[in-house]
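Colleague: Counting from 1, position 2 in the sequence shown corresponds to residue 2 in UniProt numbering; the numbering is continuous, with no gaps. Glycine included, every Cβ here is placed at the ideal spot set by N, Cα and C. Keep in mind that this is a model prediction, so the values were computed, not measured.
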Amino acid sequence: MGSDWACVAVLFKRSRLCPVCLSQVFLASCLHGMETITEADLLLSFKSYITLDERQVLERKPKPQNIKCLFAELAHQEIIQKPRYIANCWAPVLGVLKGHADFANVESLRRLFLDNKTTAKKVIKALDAKPTSDAEKESLGFLKKFIKSLDAVSSRTFNIF
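1) Relative to the alpha-carbon of Leu114, which residue among Gly99, Leu22, Leu143, Leu150 has its alpha-carbon at the smallest distance?
2) Using DSSP with H/G/I as helix, E/B as strand and the rest coil, what is Pro92?
3) Using only alpha-carbon positions, find the residue among Lys121, Ala135, Glu136, Cys30 that is nearest to Ser149.
4) On the CB-based measure, 16 or more other CB atoms within 10 Å of its CB, does Cys89 come out buried or exposed?
5) Under the three-state reduction of DSSP, which class applies to Trp5: helix, strand or coil?
6) Taking the alpha-carbon positions, what's the Gln50 to Val25 distance?
7) Assuming Leu127 and Lys13 form a contact by the criterion Cβ under 8 Å, report the distance between their Cβ atoms to the nearest whole angstrom.
8) Does the beta-carbon of Val106 have 16 or more other beta-carbons within 10 angstroms, so that it is buried, or is it exposed?
9) When the distance is taken between beta carbons, is Phe46 closer than 8 Å to Ala87?
10) Would you tell me roughly how many angstroms separate the C-alpha atoms of Arg55 and Ser133, rounded to the nearest one?
11) May I ask which residues mark the beginning and end of the alpha helix (DSSP H) holding Lys145?
12) Kindly give me the distance between the Cβ atoms of Glu39 and Ala72, rounded to whole angstroms, as I take these residues to be in contact under 8 Å.
13) What does the alpha-carbon distance come out to for the pair Asp41 and Leu112?
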């Protein structure tokens, strides 16, 4: 099983593609170790994996300190501890990426993920449409309005489709 996960890491390395669908915190822990992960990064990454209601509780101001601690513990367990076996398989293979500027440290990895984050503006820019009639132009306008109305998760799904 470990060799299978190592093969996945080799594919990422050889393809020179960054798997931005992965948690940036998980990837940072593979490359730079758990000690480089801050609680703020962990909580920010965890927000991508929890429901909107849970996210609202986490973002509520003020919030009891015990809620923040609970979310930090859950985030560490889900993003760092559970996939630890995979991280241990990937670390030796992906370690060579630390020589690349985008992977050199946690901050550069954070910038890479931000630059590659799907946004409505990027999805609209990627549309390749040349409407020839008024109806097509109107349809394209409606599609652009729809894309702009999507939340971040739906926008990523739309982009994958």
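Modeller: With the structure as the only source:
1) Leu22
2) helix
3) Lys121
4) buried
5) helix
6) The sequence shown places Ile at residue 50, rather than the Gln named in the question. Rounded to the nearest angstrom, the two C-alpha atoms are 15 Å apart.
7) At roughly 32 Å, the Cβ-Cβ gap does not stay under 8 Å, so Leu127 and Lys13 are not in contact.
8) buried
9) no
10) 43 Å
11) 134-149
12) 5 Å
13) 14 Å
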